[in-house]
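Below you'll find the structure, written out as structure tokens, and then a few comments.
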Amino acid sequence: MVTSISSINAGNLDSNANADAATAKTGGEQGPYPWIISPFLDLFFVCGLGALIFFAVNYAYLGWGVPSSLKDPASWWLITVGALSQHVFADSHNSATYLRIWGSAEDQSRFKFHRTWLAYSVIPMFIMGLTLPKLTSSMVYIYLITVYWHYVAQAFGISLIYCYKRGYMLSNKEKEIFRWFMFSLVGFTTSRFLAVPNYSPKSWYGLEMPTWAQMPPVVHNCARFALIFMTAVFVGMILRKYLTQNKLIPLPSVLCIVTVACLGLSTDMANLMLWLYVPGFFHGSQYIAVCLAYYLKERGMPNGMNSWEISKVALAGPGLKYVGVVVLSGCFFYVGIPHFFNQLGYDYALVAGLVLACVNYHHFITDAAIWRLRDPYCRKILLA
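Numbering-wise, this note's numbering puts 330 at position 305 of the sequence shown, and it's gapless, one number per residue.
Pasting the structure below:
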């Protein structure tokens with residue numbers, strides 16, 4: 026989600042967001058609901074606390090190492106949790122995008138290209154990947170290069186939502202500082218991926234990765250300097266805002282930033298441990314929570330309930346039905362299709378990588394169109 030929220034036109038967003046946050050009244054004189062679903066669900070599944078807790082549990086029981094033995098009880102539980110989080114949250118969050126573009130009649134009309142021609146373009150990609158395994162390897166490699174950018178973009182967009190929901194308004198200049206700080210993380214990790222051989226995987230679950238030309242080290246050094254510089258500027262902005270306006274950036278926003286920064290800046294075994302838990306308990310669950318809230322709010326919620334009571338609906342029939350649909354459809358793409366083609370004689374890892382690349386190709390581009398805070402209708406629902 027929210028790749029587009031991270032690239033919003035700064036021209037009129039802040040005044041619009043300020044006005045929406047100030048005028049949104051849900052439940053009498055109450056202002057915008059400060060959470061997306063509820064305090065616990067937001068902190069655990071949206072802000073990254075769940076991923077950080079499981080990382081800490083992993084370290085406490087296994088030290089610096091990912092669980093690998095099913096004979097050890099701690100490893101068995103952590104492997105089970107990691108696998109379930111992948112299927113329940115990470116795999117299924119792509120399906121939430123499809124429910125959005127196939128939602129209301131208005132959305133079907135607005136996003137006709139994304140649900141037709143863009144979706145159709147995945148078919149020849151899939152066929153070519155089946156016939157040219159090296160092409161599949163390249164597509165997966167491109168996904169591995171770009172996926173952290175996608176994580177950062179989503180974390181940035183959701184951090185902004187928490188800021189605006191809680192009255193922590195950012196001027197255009199402050200928002201640009203925030204944006205460039207977050208994307209300096211992307212520049213650092215991407216250049217490290219391409220400039221430092223140890224950070225570029227040789228294989229992905231048995232699928233051999235291409236050996237492309239490496240970036241010169243100077244590029245990575247420049248990206249490192251940019252990250253340090255933008256971190257200092259961002260921290261300075263936060264301190265200045267506190268000293269001059271007596272306002273602190275909201276805790277949920279801080280947790281989003283810390284979690285995605287830990288994922289990008291960690292190294293070696295710590296990085297592997299985080300990648301076991303962050304896709305499910307941060308990125309995927311984060312996306313599903315926002316999509317679920319949007320889905321329920323857009324439909325007015327049952328019996329005229331307001332946003333302050335959204336957790337009642339999210340944990341009841343309408344919310345559980347929505348989650349069930351996205352989970353089952355996610356399993357169809359990431360489990361069903363690879364197993365089907367495996368029965369036809371194709372390599373399972375090849376087809377799984379191909380599905381990953383094709384689904385996320387459509388997912389990344391579609392996200393940039395459907396989540397726009399500069400769109401008054403989308404902004405009103407997201408900030409309610």
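Ideal placement from N, C-alpha and C gives every residue a C-beta, glycine not left out.
Being a predicted model, the structure only gives us computed values, none of them experimental.
Residues sharing a beta bridge with residue i, DSSP
i, result
"residue 228", "233"
Which listed residue (the options) has its alpha carbon closest to that of residue i
i, options, result
"residue 213", "254, 385, 201 and 186", "254"
"residue 151", "247, 175, 366 and 69", "366"
"residue 202", "252, 304, 235 and 371", "252"
"residue 301", "60, 57 and 81", "81"
"residue 399", "186, 144, 123 and 248", "186"
"residue 196", "66, 361, 94 and 266", "266"
"residue 204", "92, 181, 220 and 217", "181"
"residue 285", "209, 106 and 261", "209"
"residue 220", "198, 97, 244 and 226", "244"
"residue 206", "260, 401, 161 and 193", "260"
"residue 241", "218, 161, 311 and 289", "218"
"residue 309", "98, 107 and 95", "107"
"residue 166", "129, 227, 176 and 153", "227"
"residue 292", "87, 224 and 164", "224"
"residue 70", "153, 183, 144 and 84", "183"
"residue 175", "388, 346, 135 and 163", "388"
"residue 118", "364, 356 and 362", "356"
"residue 336", "347, 318 and 88", "318"
"residue 2", "311, 130 and 222", "In the structure as shown, the chain begins at 26 and stops at 409. Residue 2 is therefore absent and cannot be evaluated."
"residue 361", "116, 57, 97 and 56", "116"
"residue 270", "193, 250 and 246", "193"
"residue 283", "268, 256 and 148", "256"
"residue 65", "277, 324 and 297", "277"
"residue 239", "250, 272 and 170", "170"
Supposed contact pair residue j and residue i - C-beta distance, whole angstroms, cut 8 Å
i, j, result
"residue 121", "residue 316", "4 Å"
"residue 62", "residue 339", "5 Å"
"residue 188", "residue 274", "7 Å"
"residue 406", "residue 125", "Actually they do not touch by this definition, with Cβ atoms about 11 Å apart."
"residue 90", "residue 294", "6 Å"
"residue 68", "residue 299", "Not quite, the Cβ-Cβ distance comes to about 18 Å (not below 8 Å), so this is no contact."
"residue 343", "residue 321", "6 Å"
"residue 351", "residue 390", "Wrong, their Cβ atoms sit about 19 Å apart, outside the cutoff."
"residue 216", "residue 248", "4 Å"
"residue 103", "residue 92", "4 Å"
"residue 84", "residue 99", "The pair is not a contact, with the Cβ atoms about 11 Å apart (cut-off 8 Å)."
"residue 153", "residue 160", "6 Å"
"residue 289", "residue 123", "The pair is not a contact, with the Cβ atoms about 28 Å apart (cut-off 8 Å)."
Residues near residue i in its chain [Cβ-Cβ closer than 8 Å; skip 5 each side]
i, result
"residue 374", "229, 230, 231 and 232"
"residue 127", "133 and 140"
"residue 462", "In this structure the chain extends from 26 to 409, so residue 462 is not present and cannot be described."
Residues near residue i by beta carbon distance below 7 Å, same chain, minus five either side
i, result
"residue 168", "381, 382 and 385"
"residue 191", "59 and 275"
"residue 372", "none"
Contacts around residue i, its chain only, beta-carbon distance under 6 Å, and the 5 residues preceding and following it disregarded
i, result
"residue 354", "120"
Requested in this report: Evaluate the contact criterion for the region 377–389 versus the region 227–235: three or more CB pairs, one atom per stretch, below 8 Å.
Outcome: yes
Query raised in the report: Is the region 302–314 touching the region 109–120, taking contact as three or more C-beta pairs under 8 Å?
Result: yes
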